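Visitor: In this note's numbering, the protein residues as written are 21 to 234.
Once you've had a glance at the structure underneath, I'll fire off some questions.
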């Protein structure tokens, strides 16, 4: 039996692991330094790879950034999609309370994920159309999910009918990203949980929903 298929499979597995390592480093560095200040040499150094080898996997920094956006998006989907599917029978208020609490917990342990989106949103809006479109596509999906919960709650007369679901959902997303960036600046003197709880209080007041973050 030929050993070539086995060798190819090993090479493919190794390449897949290397790609994940590159994307992990890219997410962290882009979150810490921003897209414009991070070079391919910085990324190659972070994963102990030559720039030439890095360019073999990703021909341009933009290609790497777009792949990092997709990778992070898949991680969000893997985290939240099954949990939200399990709670579809809950009230709109219960669904929204859950997603707020879970988002707070998720970003507490993966702070760089939210900072990554926040930094890129600030940098790319005027600088890179492809990156901007990729970010909008992903974030718009999260906004759509939140807006759907709000509409559902309005139909059940749980939430105020005059609240615009889409604008409220955008406010929630912007609030989360802004809090993460703000906390990154004040992390030595300001605690994460009270900031998230305060944001929840503000949003809950507008919706007439009271919730607590775990």
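The C-beta atom is built at its ideal place from N, Cα and C for all residues, glycine as well.
Given the structure is predicted, the values throughout are model-derived calculations rather than measurements.
Work out the CA separation of residue 219 and residue 233 for me, nearest whole Å.
Guide: The residue given as residue 233 occupies position 213 in the chain shown. The residue given as residue 219 occupies position 199 in the chain shown. Note that residue 233 scores a pLDDT of 38, beneath 50, so its modelled location is shaky; the value from the coordinates is reported in the next line. Between residue 233 and residue 219, the C-alpha separation is close to 10 Å.
Visitor: Provide the residue span of the alpha helix (DSSP H) that contains residue 160, from first to last.
Guide: The residue labelled residue 160 in the question sits at position 140 within the chain shown. Run containing residue 160: 149 to 175, per the alpha helix (DSSP H) assignment.
Visitor: Can you tell me which of 79, 72 and 97 puts its alpha carbon nearest to the alpha carbon of residue 123?
Guide: In the chain shown, counting from the first residue as 1, residue 123 sits at position 103. Comparing Cα-Cα distances from residue 123 to each of 79, 72 and 97, the minimum goes to 97.
Visitor: How would you label residue 72, buried or exposed, when you count the other beta carbons within 10 angstroms and need 16 or more for buried?
Guide: Residue numbering aside, residue 72 sits at position 52 when the chain shown is read from its first letter. Exposed, because fewer than 16 other Cβ atoms sit within 10 Å of the Cβ of residue 72.
Visitor: In this structure, how does DSSP classify residue 226 when only helix, strand and coil are distinguished?
Guide: In the chain shown, the residue the question calls residue 226 occupies position 206. Helix at residue 226.
Visitor: Please name the residue in 54, 36 and 99 whose C-alpha comes closest to that of residue 125.
Guide: Walking along the chain shown from the start, residue 125 turns up at place 105. If we check each option's Cα against that of residue 125, 99 comes out closest.
Visitor: What's the C-alpha gap between residue 89 and residue 176?
Guide: Within the chain shown, numbered from 1, the residue matching residue 89 stands at position 69. Within the chain shown, numbered from 1, the residue matching residue 176 stands at position 156. Using only the alpha carbons, I get a separation of about 36 Å.
Visitor: Please identify the residue among 110, 174 and 162 whose C-alpha is closest to the C-alpha of residue 4.
Guide: Given a span of 21 to 234 for the chain in the structure shown, any question on residue 4 remains unanswerable.
Visitor: For residue 170, which residues from the same chain have a beta carbon less than 8 Å from its beta carbon, with the 5 sequence-adjacent residues on both sides left out?
Guide: Here the question's residue 170 lines up with position 150 in the chain shown. Counting only Cβ-Cβ distances below 8 Å, and skipping sequence neighbours, we find 112, 116, 179, 183, 185, 188, 189 and 227.
Visitor: Report the option in 103, 214, 147 and 47 whose CA atom is closest to the CA atom of residue 118.
Guide: For the purposes of this step, residue 118 is identified with residue 98 of the chain shown, where counting begins at 1. Ranking the options by Cα distance to residue 118, first place goes to 103.
Visitor: Where do the ends of the alpha helix (DSSP H) carrying residue 208 lie?
Guide: As a working note, residue 208 is residue 188 in the chain shown. Segment: none, residue 208 is in no alpha helix (DSSP H) and carries neither H nor E.
Visitor: What are the start and end residues of each continuous alpha helix (DSSP H) run of 4 or more residues lying completely inside the segment 62 to 110, in chain order?
Guide: Fully enclosed alpha helix (DSSP H) runs of 4 or longer: 71 to 77 and 81 to 106.
Visitor: Using CA atoms only, rank isn't needed, just tell me which of 207, 60, 215 and 200 is closest to residue 133.
Guide: Within the chain shown, residue 133 is the residue found at index 113, counting from 1. Per the Cα distances, 200.
Visitor: Of the choices 51, 41 and 52, whose alpha-carbon is the least far from that of residue 64?
Guide: As a position in the chain shown, residue 64 is number 44, starting the count at 1. Comparing Cα-Cα distances from residue 64 to each of 51, 41 and 52, the minimum goes to 41.
Visitor: Does the beta-carbon of residue 202 have 16 or more other beta-carbons within 10 angstroms, so that it is buried, or is it exposed?
Guide: If you number the chain shown from 1, residue 202 lands on position 182. By the neighbour-count rule (16 or more Cβ atoms within 10 Å), residue 202 is not buried but exposed.
Visitor: Apply the 10 Å Cβ neighbour rule to residue 47 and answer buried if 16 or more other Cβ atoms are within range, or exposed otherwise.
Guide: By one-based count along the chain shown, residue 47 stands at place 27. When all chains shown are included, residue 47 counts as buried.
Visitor: Mapping the DSSP letters down to three states, classify residue 121 as helix, strand or coil.
Guide: In the chain shown, the residue the question calls residue 121 occupies position 101. Residue state, collapsed to three classes: helix.
Visitor: Are the Cβ atoms of residue 50 and residue 140 separated by less than 9 Å?
Guide: As a position in the chain shown, residue 50 is number 30, starting the count at 1. As a position in the chain shown, residue 140 is number 120, starting the count at 1. The answer is yes: Cβ separation under 9 Å.
Visitor: DSSP state of residue 56, grouped into three classes?
Guide: Taking the chain shown and counting its residues from 1, the one referred to as residue 56 is at position 36. Coil.
Visitor: Out of curiosity, what's the CA-to-CA distance linking residue 215 and residue 222?
Guide: By 1-based counting over the chain shown, the position of residue 215 is 195. By 1-based counting over the chain shown, the position of residue 222 is 202. Each residue's Cα considered, the two are about 11 Å apart.
Visitor: Three-state secondary structure (DSSP) at residue 220?
Guide: Reading the chain shown from its first residue, position 200 is the one you call residue 220. Helix, per DSSP.
Visitor: Rounded to the nearest angstrom, how far is the Cβ of residue 143 from that of residue 54, given a contact under 8 Å?
Guide: Looking up residue 143 in the chain shown gives position 123. Looking up residue 54 in the chain shown gives position 34. That pair is a contact at about 6 Å.
Visitor: Using the Cα positions of residue 58 and residue 76, report the straight-line distance between them to the nearest angstrom.
Guide: Reading the chain shown from its first residue, position 38 is the one you call residue 58. Reading the chain shown from its first residue, position 56 is the one you call residue 76. Taking the straight line joining both Cα atoms gives about 18 Å.
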